[in-house]
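Quick notes on the structure that follows.
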Amino acid sequence: MGSRSDWETMRHAADILTELGVEHETKVVSAHRTPERLYDYAKSAVDRGLVAIIAGAGGAAHLPGMTASMTRLPVLGVPVESKALKGMDSLLSIVQMPGGIPVGTLAIGKPGAINAGLLAAAIAATADPALAARIDAWRAKQTENVAIDPE
Ligand code: RP5
């Protein structure tokens, strides 16, 4: 994520990964304030064995696109809700990538962070049948928990 202030949102991605038993790491890497940290992180990601990167940022959110420009790993972008523009700035910054460098963009805020975690887990599950089974179980439980009556 681009800032510690993003953690309140991005922790939901980490929580889902923990719940599904997916090994992960959480780091603050700013495209604007720590560009060399971003370069090192993105350039070393493949060799360190990462399978996907979730990049959450707000405002002029360059982090997901810049990350994607420096790695072939799937990059999932989470637009963090900004104070001034309620995350519309973050969303448009992340989603409008020119053709050639993709960023899989999720919803603004907490739902986007949760779904980024679920998508990253789904990506990892393509090579991990045990994880695939845990995701199936998680989804079945979610379905069971939807009551048919409104009250
Ligand atoms: C972005 O600027 C971060 O991703 C964060 O969403 C936003 C504000 O950062 P702080 O000023 O709270 O550190 O780079």
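Quick note: the sequence shown, position 94, residue 93 per numbering that gives the first Met the number 0, numbers continuous.
Glycine included, C-beta positions come from ideal geometry on N, C-alpha and C.
Minimum Cα-Cα distance from Val-77 among the listed residues Thr-70, Ala-131 and Thr-66 corresponds to Thr-66. In this chain, the beta strand (DSSP E) harbouring Pro-78 covers 74-79. For Gly-98, there is no enclosing beta strand (DSSP E), as DSSP marks it with neither H nor E.
If you draw a 10 Å sphere on the C-beta of Pro-63, you find 16 or more other C-beta atoms in it, and that means buried.
With fewer than 16 other Cβ atoms inside 10 Å of its own Cβ, Val-45 counts as exposed. Short note on Ala-56: C-beta closer than 6 Å to some heavy atom of the ligand RP5. Here the segment 51-61 makes contact with the segment 104-118; the two share three or more CB pairs at distances below 8 Å. Under DSSP, the beta-bridge partners assigned to Ala-56 are Pro-78.
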